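In terms of this note's numbering, the sequence shown opens at residue 190 and continues consecutively.
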Amino acid sequence: MDDVIIPVAFFLILAGAVVAVAYFQSQRNRERDRQYAQAMQEYREAVERARSEQEATRLQLMELGHRLQTVEGLLRSVD
190 MDDVIIPVAF FLILAGAVVA VAYFQSQRNR ERDRQYAQAM QEYREAVERA RSEQEATRLQ
250 LMELGHRLQT VEGLLRSVD
């Protein structure tokens with residue numbers, strides 16, 4: 190009976206160590222995933238801001254184009 194206790198205890202300790210290592214690795218992976226998700230959210234927000242700024246710039250360019258056409262029309266009418 191004593192011959193069985195030592196190998197069983199050894200394998201139980203080994204299994205506990207494997208479980209502990211796996212647990213801490215999964216915790217580290219979860220933290221990395223959280224950081225990645227946060228970075229991706231910030232990236233999405235930055236892309237959305239850039240998109241809205243690009244749209245505003247496009248509208249301003251269109252307005253300037255219309256104004257330029259009006260000025261051209263006025264200059265041509267002077268001739």
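Think of the CB as a built atom: it goes at the ideal place given N, C-alpha and C, for glycine as much as any other residue.
The structure displayed is predicted, hence computed values, not measured ones.
Item to check | Cα-Cα separation, S241 to T259 | outcome: By one-based count along the sequence shown, residue 241 stands at place 52. By one-based count along the sequence shown, residue 259 stands at place 70. For S241 and T259, the distance between alpha carbons rounds to 27 Å.
Next on the checklist: Extract the residue ranges of the alpha helix (DSSP H) inside the region 218 to 258, only unbroken runs of 4 or more that lie entirely within it.
Outcome noted: none
Next on the checklist: Can you give me the C-alpha to C-alpha distance between A204 and A226, rounded to a whole angstrom?
Outcome noted: Position 15 of the sequence shown, counted from the start, is the residue given in the question as residue 204. Position 37 of the sequence shown, counted from the start, is the residue given in the question as residue 226. Near 32 Å, if we compare the C-alpha coordinates of A226 and A204.
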